[in-house]
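Going by my numbering, the residue at position 79 of the sequence shown is 91; the numbering climbs one at a time, nothing skipped.
The structure appears below as structure tokens.
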Amino acid sequence: MTESGAPDKAAGAFRTIGELSRETGLPQHILRYWETRFPQLRPLQRAGNRRYYRPADIALVLRIQSLLEQEGYTIRGVQKLLMTERKRGGGKVDLAAVQEIRDSLADGLEQDKG
């Protein structure tokens with residue numbers, strides 16, 4: 013359950029900018045700013061330009077946040093790192109995160125069957 017009393021979303025669920033902001037502790041204006049600085053970060057935009065962050069977008073936000081806050085990168089440094097990885101065919105695959113998403117999807121399928 014969240015602080016507002018609403019049930020937590022599944023790991024693979026899309027998040028609005030407000031939900032992602034609450035989960036990461038990042039202000040919404042920072043998330044919007046990062047969208048202008050990192051071309052890889054492109055949430056879906058639906059009616060009224062409402063943003064929906066996919067699991068891959070959420071993982072990228074968390075990675076950018078970690079690089080900036082824990083590892084001491086600058087915005088430009090993170091941009092260069094992400095561009096280099098893109099040119100090499102992508103970054104490291106987080107196997108644990110992939111397995112967690114897979115397990116979450118499998119649980120959801122089981123709940124739908126039952």
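Every residue gets a Cβ at the ideal spot worked out from N, C-alpha and C, and that includes glycine.
These numbers come from a predicted model, not from an experiment.
- If you compare the alpha carbons of Val110, Pro39 and Gly24 with that of glutamine 77, the shortest gap goes to Pro39.
- Judged by their CB atoms, arginine 49 and glutamine 91 are nearer to each other than the 9 Å cut-off.
- Judged by beta-carbon spacing, proline 55 lies beyond the 9 Å limit of isoleucine 113, meaning their Cβ atoms are not closer than that value.
- For tyrosine 64, the uninterrupted beta strand (DSSP E) segment begins and ends at 62-65.
- Taken through DSSP and simplified to helix, strand or coil, leucine 72 comes out as helix.
- Secondary structure of glutamine 57 (DSSP, three-state): strand.
- Taking the C-beta atoms as reference points, threonine 28 is found nearer than 9 Å to tyrosine 65.
- Counting only the Cα atoms, histidine 41 lies some 14 Å from leucine 53.
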